[in-house]
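Here's the structure we're looking at; comments come further down.
Protein chains: 2
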Amino acid sequence: MSIKVGINGYGTIGKRVADAVAKQKDMKLVGVTAHSYSFNTEVAKQKGYKIFTTDGDEDFKLNGINPDGNLKNLLEQVDIIVDATPRKIGKENIEKFYKQKKVKAIVQGGEKHEAIGTSFVAQCNYNEALNKEYARVVSCNTTGLCRTLNALNKFDITSVHATMIRRGADPWDIYHGPINAIVPVLEMPSHHGPDVQSVLPKCQIFTTALSVPSTLMHLHSVIADVRKKVNVDDVIGVLNNTTRVRVVRNAEHLRSTAEIMEFARDLGRLRGDMPEICVWKEAIGTVSNGYNKLLYMQAVHQESDVIPENVDCIRAMMGFKDSDKSIKMTNETFGIK
Amino acid sequence: MSIKVGINGYGTIGKRVADAVAKQKDMKLVGVTAHSYSFNTEVAKQKGYKIFTTDGDEDFKLNGINPDGNLKNLLEQVDIIVDATPRKIGKENIEKFYKQKKVKAIVQGGEKHEAIGTSFVAQCNYNEALNKEYARVVSCNTTGLCRTLNALNKFDITSVHATMIRRGADPWDIYHGPINAIVPVLEMPSHHGPDVQSVLPKCQIFTTALSVPSTLMHLHSVIADVRKKVNVDDVIGVLNNTTRVRVVRNAEHLRSTAEIMEFARDLGRLRGDMPEICVWKEAIGTVSNGYNKLLYMQAVHQESDVIPENVDCIRAMMGFKDSDKSIKMTNETFGIK
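Protein sequence lines correspond, in order, to chains A and B.
Read in order, the letters of the first sequence are residues 2 to 338 in my numbering.
Read in order, the letters of the second sequence are residues 2 to 338 in my numbering.
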């Protein structure tokens, strides 16, 4: 029996989760919601997805789309809803709609951990979401930090300092900047540290963040104090054996976020996405002269790294117990090795 | 008696040091060198600076400038030369020209510390350059780190992690990128840490760096472990009492590197320069729950922060012993409080 999944909100995350759910053999995409007509819903129509409305049908009908109902109609047909609405709306939707219809719901990283109780990164804490009514897939940055820090904790991390160099806007976004400035996030330490702890509670991490004029990916500069002696080859070995992490090399001319994105396009990934966290081999370093430090830099594709997490979170919440199998099934549909 | 100063190399740094020297009451700008005609030498001519050539006179004569001689002629007329030529050329020039002519020389941060022996940031180690034949004014990034870390060591810093988010190119530079990527420096830790130690040998600092699509300023994200208890107001107090450091505030809409640059232009600074290191008040943070951490972010104007350092370094090398007085004299000519 397929898991019946609905998607509420059809933007950057929602449309990707819809495509990912549609590819899972054990899931059925019942439909997606949209508040207004756009190229996004036009593509959804071409793909044959059912479209449910949140703000009335008129705009859709004017543009040749006959909606299949509204959000409440969608909720009546699904086991679980993936809420990909803007920040803070997810929590409101739980109270206003999902509880009433007794539908399980996944919200995104814009919601607060405390409001949901369970924060999720599949390879870190899959079991915590087992059979839960509500869970939160953490943000792209938090997902990226959790994937690598969880794996590298093999070297017994005592404390982490990370700086998040954030892309200023998504590639399609004409509203945000900066065009030619560096903009610090005026929050020290930043919220990313506590957010990592919502998944990895024992991780002592302190973060800062800033925005730059780039649209492609975030970049994280991470310095960790570790107890165990560590060398670069060991780190590469661990990361090569970590799912959803990719070690990229300057030697193959993957020198920057731009070249990584071009690589994803060349691989034929849908939308040119790169859901794996990319760690530069040549940007892994260690210090061992009296100190025991591990340094690395990683690129995070803000549009896509959380998509496989949403898929696995659906399975966990629906009671599928084998996390390794879920991750493997999901990875195969993304072309992740 | 004025100190007779020559400038070898008339690019981003050279032209600014020339203007700064010309403003000092105890110095005389004898002249500058250039390898070819450009708008830079055209402005030098308009300012009445003598122009000496390094690669022949022809290009200048074709463009209406009659050079005043060559580099050797300039060296015969000066007490000290400020070498602002590209990386590695400064050290070669010492061997090829300055030693022979027995002229003192300052080189820039592109040269290696080991090759020169003395690295200089006025407020940190003025006395080390006293009467020296050769000294090195460290790079813009190292100058920025040294100014604030030297002051904040009041809180007994045990270890520093800093990430340098570097502007991809200077505002006039049409040759370099990136336009839309984040480019890690594949050197972990980066050379900036050891370079800080060439001025502050006891500072335990580990750094990483990357380039972004911005031309205005560098930004440093700094996390320091400190022994003494520290709160944000104490940090602001120390920085407000530190010369060549400016605490800027979100409250005055100095939210980003772009707004700081606009502020410098509004202040009427020559070329819109901001030689002070700008620390955002709202990006100063502390942690004290079991840890004792000090976090801050600062903006560094890569084109200008080393200019007052060159001026003070001239005085130190010429035997002027009062560092505070030199810094004050220099600051007044820049409009630095």
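Ideal Cβ placement from N, Cα and C applies to all residues, glycine included.
None of these values were measured; they are calculated from a predicted model.
When the cut-off is 8 Å and only beta carbons count, does I337(A) lie next to chain B? Here residue 337(A) corresponds to residue number 336 of the first sequence, with the count starting at 1. Closer than 8 Å to the CB of I337(A) there is not a single CB belonging to chain B.
Decide if the segment 220–238 of chain A is in contact with the segment 292–311 of chain A; the criterion is three or more beta carbon pairs, one per stretch, under 8 Å apart. Note that the segment 220–238 of chain A touches the segment 292–311 of chain A; at least 3 beta-carbon pairs, one per stretch, sit closer than 8 Å.
May I ask which residues mark the beginning and end of the alpha helix (DSSP H) holding N74(A)? Within the first sequence, residue 74(A) is the residue found at index 73, counting from 1. Per DSSP, N74(A) belongs to the alpha helix (DSSP H) from L72 to L76.
Can you pull out the residues from the segment 159–191 of chain A whose beta carbon lies closer than 7 Å to at least one beta carbon of chain B? Within the segment 159–191 of chain A, the qualifying residues are H162, T164, I166, P179, N181, A182, I183, V184, P185, L187, M189 and P190.
Selected residue, minimal CA-CA separation from M165(B), among K203(B), M218(B), S120(B) and W173(B): Taking the second sequence and counting its residues from 1, one reaches residue 165(B) at position 164. When only C-alpha atoms are compared, the closest one is M218(B).
Chain A beta carbons: is any one of them nearer than 8 Å to that of R256(B)? Translated into the one-based positions of the second sequence, residue 256(B) becomes position 255. Output row for R256(B): interface = yes.
Secondary structure at D226(A), three-state DSSP: helix, strand or coil? To locate residue 226(A), count along the first sequence from 1; it is residue 225. Strand.
Taking M262(B) as the reference, which of A130(B), N232(B) and S305(B) has the closest Cα? Counted from its first residue, the second sequence places residue 262(B) at position 261. Nearest Cα to M262(B) within the set A130(B), N232(B) and S305(B): S305(B).
Applying the 10 Å Cβ sphere with the 16-neighbour rule, what's the burial state of Y127(B)? Translated into positions along the second sequence, residue 127(B) becomes position 126. Its Cβ being crowded by 16 or more others within 10 Å, Y127(B) is buried.
So, are the CB atoms of I180(A) and A85(A) less than 8 Å apart? Reading the first sequence from its first residue, position 179 is the one you call residue 180(A). Reading the first sequence from its first residue, position 84 is the one you call residue 85(A). No, the pair does not count as a contact, with Cβ atoms beyond the cut-off.
When you compare only the Cα positions, how much space is there between N311(A) and L220(A)? As a working mapping, residue 311(A) is identified with position 310 in the first sequence. As a working mapping, residue 220(A) is identified with position 219 in the first sequence. Their Cα atoms are separated by approximately 22 Å.
To the nearest angstrom, how far is it from the Cα of Y11(A) to the Cα of K326(A)? Taking the first sequence and counting its residues from 1, one reaches residue 11(A) at position 10. Taking the first sequence and counting its residues from 1, one reaches residue 326(A) at position 325. Answer to the nearest angstrom: the Cα atoms are 28 Å apart.
Neighbour list for N251(A) in chain B, Cβ cutoff strictly below 7 Å: In the first sequence, the residue the question calls residue 251(A) occupies position 250. Within chain B, the residues placing a beta-carbon under 7 Å from that of N251(A) are L187, ordered along the chain.
When DSSP builds the beta bridges, which residues end up paired with H162(B)? Counted from its first residue, the second sequence places residue 162(B) at position 161. For H162(B), which the question treats as bridged, DSSP gives the partners F207(B) and I224(B).
Report the rounded CA-to-CA distance for L268(A) versus D171(A), giving the unit in angstroms. Walking along the first sequence from the start, residue 268(A) turns up at place 267. Walking along the first sequence from the start, residue 171(A) turns up at place 170. Between L268(A) and D171(A), the C-alpha separation is close to 21 Å.
Proximity below 8 Å, CB of V233(B) to CB of I285(B): If you number the second sequence from 1, residue 233(B) lands on position 232. If you number the second sequence from 1, residue 285(B) lands on position 284. Yes, Cβ-Cβ distance for V233(B) and I285(B) is below 8 Å.
Helix, strand or coil for I337(A)? Go by DSSP, reduced to three states. On the first sequence, position 336 is the one that residue 337(A) refers to. Secondary structure of I337(A) (DSSP, three-state): coil.
Provide the residue(s) that pair with P185(B) in DSSP beta bridges, ordered along the chain. Counted from its first residue, the second sequence places residue 185(B) at position 184. According to DSSP, P185(B) bridges with L211(B).
Please confirm whether E283(A) has its beta-carbon closer than 8 Å to some beta-carbon of chain B. For the purposes of this step, residue 283(A) is identified with residue 282 of the first sequence, where counting begins at 1. So yes, E283(A) belongs to the interface.
Select from F121(B), I8(B), T55(B) and Q101(B) the residue whose C-alpha is nearest the C-alpha of V33(B). Sequence index remark: in the second sequence, residue 33(B) carries index 32 (1-based). Out of F121(B), I8(B), T55(B) and Q101(B), I8(B) has the C-alpha closest to the C-alpha of V33(B).
Do you know how far the Cα of I117(B) is from the Cα of I81(B)? For the purposes of this step, residue 81(B) is identified with residue 80 of the second sequence, where counting begins at 1. For the purposes of this step, residue 117(B) is identified with residue 116 of the second sequence, where counting begins at 1. In a straight line, the C-alpha of I81(B) is about 15 Å away from that of I117(B).
Beta-carbon proximity list for S212(B), same chain, < 6 Å, skipping 5 on both sides: As a first step, residue 212(B) is located in the second sequence; it is residue number 211 there, counting from the start. Scanning its chain for C-beta atoms nearer than 6 Å, with the 5 sequence neighbours on each side dropped, one finds around S212(B) the residues R167, G169 and V184, in chain order.
I'd like to check one pair, C141(B) with V307(B): are the Cβ atoms closer than 8 Å? On the second sequence, residue 307(B) is found 306 positions in, with the first residue counted as 1. On the second sequence, residue 141(B) is found 140 positions in, with the first residue counted as 1. Contact flag set, yes.
For T331(A), which of helix, strand or coil comes out of DSSP? On the first sequence, position 330 is the one that residue 331(A) refers to. In this structure, T331(A) counts as helix in the three-state DSSP scheme.
Can you look up G194(A) in the DSSP assignment and give me helix, strand or coil? Numbered from its first residue, the first sequence carries residue 194(A) at position 193. Under the three-state reduction of DSSP output, G194(A) falls in the helix class.
Nearest candidate by alpha-carbon position, reference K102(A), set N74(A), D313(A) and V31(A): Within the first sequence, residue 102(A) is the residue found at index 101, counting from 1. Here the closest residue by C-alpha is N74(A).
Give me, in chain order, the residues of the same chain whose beta-carbon lies closer than 8 Å to that of P190(B); leave out the 5 immediate sequence neighbours on both sides. Reading the second sequence from its first residue, position 189 is the one you call residue 190(B). Counting only Cβ-Cβ distances below 8 Å, and skipping sequence neighbours, we find F207, T208 and T209.
Is there at least one Cβ from chain B nearer than 8 Å to I66(A)'s Cβ? Looking up residue 66(A) in the first sequence gives position 65. Closer than 8 Å: no.
Check the Cβ of P195(A) against every Cβ in chain B and list those closer than 9 Å, keeping chain order. One-based indexing of the first sequence puts residue 195(A) at position 194. Correct list: empty, because the minimum Cβ distance to chain B is about 12 Å.
With C-beta atoms as the reference, is F53(A) less than 8 Å away from N71(A)? The count along the first sequence starts at 1 and reaches residue 53(A) at position 52. The count along the first sequence starts at 1 and reaches residue 71(A) at position 70. Yes, these two residues count as a Cβ contact at 8 Å.
Return the chain-ordered ranges of every alpha helix (DSSP H) run that is complete within the segment 230–280 of chain A and spans a minimum of 4 residues. Qualifying alpha helix (DSSP H) stretches, in chain order: 233–241 and 258–267.
Check whether chain A comes within 8 Å of T244(B), counting only Cβ atoms and requiring the distance to be less than that. Position 243 of the second sequence holds residue 244(B). Chain A contact via Cβ: absent.
What does S215(B) reach in chain A if we use C-beta pairs closer than 7 Å? Sequence index remark: in the second sequence, residue 215(B) carries index 214 (1-based). The contact set of S215(B) on chain A, defined by CB atoms closer than 7 Å, consists of N181, A182, I183, V213 and P214 in chain order.
Between the beta-carbon of G91(A) and the beta-carbon of Q109(A), is there less than 8 Å? Looking up residue 91(A) in the first sequence gives position 90. Looking up residue 109(A) in the first sequence gives position 108. For G91(A) and Q109(A), yes; Cβs fall inside 8 Å.
Between which two residues does the beta strand (DSSP E) containing A170(A) stretch? Taking the first sequence and counting its residues from 1, the one referred to as residue 170(A) is at position 169. Per DSSP, A170(A) is not a residue of any beta strand (DSSP E), being assigned neither H nor E.
Going straight from the alpha carbon of K229(A) to that of S3(A), what length do you get? Position 228 of the first sequence, counting from 1, holds the residue named residue 229(A). Position 2 of the first sequence, counting from 1, holds the residue named residue 3(A). Rounded to the nearest angstrom, the two C-alpha atoms are 46 Å apart.
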